[in-house]
Amino acid sequence: MKSDINLKNTKFLAYYTEHEPAVRAYIRSGLYKHHDVADLMQKVAIIAWNKFDQLKDPEENFGKWMMVIARYEIMSFRRKAQKMDLPICEQVMNKILDQGAHEYDSRKDLWQALQVCTQKLKAGERELLDVAYNSSTSIKDFAKENNKTTQSLYQKLNRIRTALTSCVQLQMKAESL
Amino acid sequence: MKPSEKKLIEDYFAQSISEEDISSLNELLLNSEEARSFYLTYASVMENLDESGQAHNLHNFGQSNSTRFPRKKGGKWLAIAASIIFALSCLNHFVFQKTWETDHGIAVSSENLPNIQLIDFFGLNETHHSFIPGQTQFEPGEYETTNGKLHLRFGESVDVIFTGASIFEILSEKEIFVHKGKIRTIVHDERGHEFTICTPSANYIDWGTEFSLRINPNTKDQFEVDEGLVEVKDSKRDNSFGKFTPDNYPLLKNAPFTFIDLSNDLPGEAGFARWNDQITKKLKDPDLLGLYTFGKSNEKTVNLGSEKFLHNLPEILPERFKTGNPKDLIVNRAESGIASHGIQNNCSSSYGRWEGSKSKSLRFNNRWSAVYFELPGKYEEFTFQAWLQMHQSKSSQNLLLKPLLWDIPGRMCIRTDRRGNPYQSLWGELSVRKNHNTTHKIGKDWQLLTYTFGKENGRVASKLYLNKNLITTSFPKHVKEIQMDGFLWGASRNGQTGNIASNFDGGIDELSLWAKAFSKKDIEAEYHQGYPFYQSFSPNLVQK
Chain D
150 MKSDINLKNT KFLAYYTEHE PAVRAYIRSG LYKHHDVADL MQKVAIIAWN KFDQLKDPEE
210 NFGKWMMVIA RYEIMSFRRK AQKMDLPICE QVMNKILDQG AHEYDSRKDL WQALQVCTQK
270 LKAGERELLD VAYNSSTSIK DFAKENNKTT QSLYQKLNRI RTALTSCVQL QMKAESL
Chain U
103 MKPSEKKLIE DYFAQSISEE DISSLNELLL NSEEARSFYL TYASVMENLD ESGQAHNLHN
163 FGQSNSTRFP RKKGGKWLAI AASIIFALSC LNHFVFQKTW ETDHGIAVSS ENLPNIQLID
223 FFGLNETHHS FIPGQTQFEP GEYETTNGKL HLRFGESVDV IFTGASIFEI LSEKEIFVHK
283 GKIRTIVHDE RGHEFTICTP SANYIDWGTE FSLRINPNTK DQFEVDEGLV EVKDSKRDNS
343 FGKFTPDNYP LLKNAPFTFI DLSNDLPGEA GFARWNDQIT KKLKDPDLLG LYTFGKSNEK
403 TVNLGSEKFL HNLPEILPER FKTGNPKDLI VNRAESGIAS HGIQNNCSSS YGRWEGSKSK
463 SLRFNNRWSA VYFELPGKYE EFTFQAWLQM HQSKSSQNLL LKPLLWDIPG RMCIRTDRRG
523 NPYQSLWGEL SVRKNHNTTH KIGKDWQLLT YTFGKENGRV ASKLYLNKNL ITTSFPKHVK
583 EIQMDGFLWG ASRNGQTGNI ASNFDGGIDE LSLWAKAFSK KDIEAEYHQG YPFYQSFSPN
643 LVQK
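Line order of the protein sequences matches chains D and U.
Following my numbering, the numbering of the first sequence begins with 150 at its first residue and continues without gaps.
Following my numbering, the numbering of the second sequence begins with 103 at its first residue and continues without gaps.
Take a look at the structure:
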């Protein structure tokens, strides 16, 4: 019994590691608030773990199967959520999730394209991104040090994300050719 | 996709999207596969970035900091699954972060992600109505203007101003190809050195700091160095014609350019011209009650004895509003001429929120500074709007707008609390004064203050905005109309003594009164069109 569980753990871990970033991103596209993503991802992972034995050909289907679970949980979350947390209407959300599922394979390895694009940023932009995501320095302190307003840095961060998104799309397109 | 469409998605993920933009976003995502694809990629980018470092700082800005994998009650299977996922999550972070750090040392090119920002524009065609100075980004590609002015900033260090008809191509953050047009280039610091303007016949390389060009097909380029040093090379960049300064214009045979005095196109002019255009449009609006620009042309000295339109001016006021001659008053006539006029006391006309001496605002410099307005009539829908900046509080609380008499329903008042947060009051409506939002303070930068009164879903709504942000909404129970016969900006009148106490230290510009309630979208548009982006940001830009 113990060795069965270990085997299941090992297999599940392997598939989960491969697909978790893409499924998490898919969940992010369905939710307005970032902090709901972790909770929903946890729920999806637990359901997937519980039903893992029922999945046929996990090698081929694990990612898309997780997305089906994620989609069900997103829609379930939306039904319980307050209206203010649902800026995107259901009809549009269904279209987004349809397209997200359809384009799953192309977006699965997006982080590699993201790394390429991040390296194309200017040193100052990379530094700001680093402060925002990887450093214990607050944006407020960073703004003070650099004689900028926090608002301007947040605007700049938004622009960097948009530029990265455009670049990632181009990069993925180029890789698919 | 248009930059404005990308901006909708950007705002959505930053959780700063306005109610009006939400419907535009839904429409866009419903109808455009390309937009949905961009949206999905944006979500993936955000999530990957967040996961790369768990977004320490972003949580400081409104996004709540949730525990990644909170412990939940449940059976052992849940606990096992949660711990497995937790372990996986750590592994995943490690893999991502490792690669991320390894790649940090690699030399990079900025060519693919240029930062080319719209600083200002004027007189372009209708398709440019969605341009937002300071926010709209330009991408590499070909552009054409048939008229007007376009002011762009390349990489935070080079300003390029196109005037009149032009055809140009943005090649990168450091290079543009101009087929036709008049261009002024200003390099603010050494980061902009070697910024190059290519034309069909030559390449103009800026070594700092200012030069102008006029390019016309089939004629020689016209060229002037205003300041600093500019090198000109032939179109293949094989041969240099030399480096030129404002004092070094040699005679050159066979050069593809001629030196000529080109009139300067100053930065900031586009904003002022665009603003003048907006004022003309506003004056044609039938709902405009009064508009004060505080320009000198609207200011005159009147003799109290001869002036007949001061219907409600209390006796005490002429004394307090007098100029050097006790019988004279300075009067700011409303541009609209419809319903109101203003009288200033010890205020001075000073530089306005736009660059250049033509732009004026009204400064409140001393303890007697105040402005009086009259507004006859009652209004079921009403908007008060003004640009203002504060220098320093004269007291812990600032009185911004107050009716002369605080006596009947329909009187409205705007002031700031001790923290500098503005709030509204309506006579007889005790529940109106509330402002729990402490993040919107009036400061030293130019800010747009808007008060609106009107019906919303069958209820009367009274709202106060700072810049484009709604800061308080209340639903009055008794007040059905706004009635502000006479009111003061920056001062109040003591009901018993009649004395005027002034306590506003700052400046105001473009004050307007309307017989309609502006929507949030109207206010956002006004903010984006009226905020003097160039003036506010340029001082930090120059590094010498």
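Backbone N, C-alpha and C fix where the C-beta goes; we use that ideal spot for every residue, glycine too.
If you count every other CB in all the chains shown that lies within 10 Å of the CB of residue i, and 16 or more means buried, which is it?
i	result
U:K582	exposed
U:S337	exposed
U:G560	exposed
U:S463	buried
U:E121	exposed
U:D222	buried
U:R469	exposed
U:T485	buried
U:G250	buried
D:K200	exposed
U:H290	buried
U:A472	buried
U:P578	buried
U:D152	buried
U:F297	buried
D:Q240	exposed
U:L315	buried
U:I272	buried
U:I584	buried
U:A488	buried
U:H443	buried
U:R521	exposed
Could you work out which residues of chain U lie near residue i, taking near to mean beta carbons separated by less than 8 Å?
i	result
D:V217	Under the 8 Å cutoff, chain U gives no residues; its nearest Cβ is about 17 Å from D:V217.
Using DSSP's beta-bridge definition, name the partner residues of residue i.
i	result
U:C515	U:S527
U:E482	For U:E482, which the question treats as bridged, DSSP gives no partner whatsoever.
U:E271	U:E244 and U:F279
U:N447	U:A472
U:P505	U:F589
U:I51	This structure cannot speak to residue 51 of chain U, because chain U is shown only from 103 to 646.
U:D261	U:R255 and U:I288
U:D336	U:A304
U:M492	U:G608
U:D323	U:F359
U:F616	It is Trp, not Phe, that sits at residue 616 of chain U in the sequence shown. Looking at the DSSP assignment, U:W616 forms a beta bridge with U:L390 and U:T485.
D:L306	DSSP output for D:L306 lists no bridge partner at all.
U:I218	U:F256
U:G458	None, per the DSSP bridge assignment.
U:I317	U:G283
D:Q191	According to DSSP, D:Q191 bridges with nothing at all.
Anything in chain D within Cβ reach of residue i, meaning under 7 Å, just list it in chain order.
i	result
U:I119	P236
U:I124	P236
U:N128	I237, C238 and V241
U:Y141	S178 and I245
U:R138	K244, I245 and Q248
U:Y114	P236
U:Q239	R308
Assuming the contact rule is C-beta atoms closer than 8 Å, residue i and residue j should be a hit. Round their C-beta distance to whole Å, please.
i	j	result
U:D328	U:M492	Going by Cβ atoms, the distance from U:D328 to U:M492 rounds to 36 Å, so no, they are not a contact pair.
D:M215	D:A197	6 Å
U:P634	U:R455	4 Å
U:V334	U:Y306	6 Å
U:E149	D:R228	No, U:E149 and D:R228 are not in contact; Cβ-Cβ is about 23 Å, not under 8 Å.
U:L615	U:L477	6 Å
U:K622	U:L572	6 Å
U:A145	U:M103	With a Cβ gap of about 15 Å, U:A145 and U:M103 do not count as contacting.
U:G266	U:F374	About 17 Å; that fails the 8 Å criterion.
By the criterion of Cβ-Cβ separation under 7 Å, what are the contact partners of residue i in chain U?
i	result
D:L263	V147 and N150
Under 9 Å Cβ-Cβ, which residues of chain U neighbour residue i?
i	result
D:L164	In the sequence under discussion, the amino acid at residue 164 of chain D is Tyr, which differs from the Leu named in the question. Ordered by position in chain U, no residue passes the 9 Å Cβ test against D:Y164, which lies about 10 Å from the chain.
D:A292	By Cβ distance, chain U contributes nothing, its closest Cβ being about 11 Å from D:A292, past 9 Å.
Can you pull the chain D neighbours of residue i, defined as C-beta to C-beta under 8 Å?
i	result
U:A647	Nothing about residue 647 of chain U can be reported from this structure: the residues present for chain U run from 103 to 646 only.
U:E135	Q248
Can residue i be considered in contact with the ligand GTP, in the sense that its beta carbon sits closer than 6 Å to one or more heavy atoms?
i	result
U:E271	Judged by which ligands are present, the structure shown has none, so any question about the ligand GTP falls away.
Residues of chain D with CB under 9 Å from residue i, in chain order?
i	result
U:R108	Inspection of the sequence shows that residue 108 of chain U is occupied by Lys rather than by Arg. Near U:K108 (Cβ distances below 9 Å), the residues of chain D are T311, T314 and S315.
U:L132	C238, Q240, V241 and K244
For this session: Using a Cβ-Cβ cut-off of less than 8 Å, list which residues of the segment 220-253 of chain D approach chain U; keep chain order.
Result: For chain U, the residues of the segment 220-253 of chain D that bring a beta carbon within less than 8 Å of one of its beta carbons are P236, I237, C238, Q240, V241, K244, I245, Q248, G249 and E252, in chain order.
Problem set entry | chain U contacts made by the segment 308-320 of chain D, where a contact means CB separation under 7 Å | Result list: R308, R310, T311, A312, L313, T314, C316, V317 and Q318.
Problem set entry | Under 7 Å (Cβ pairs) to chain D, residues found in the segment 520-531 of chain U | Taking 7 Å as the Cβ-Cβ cut-off against chain D, none of the residues of the segment 520-531 of chain U qualify.
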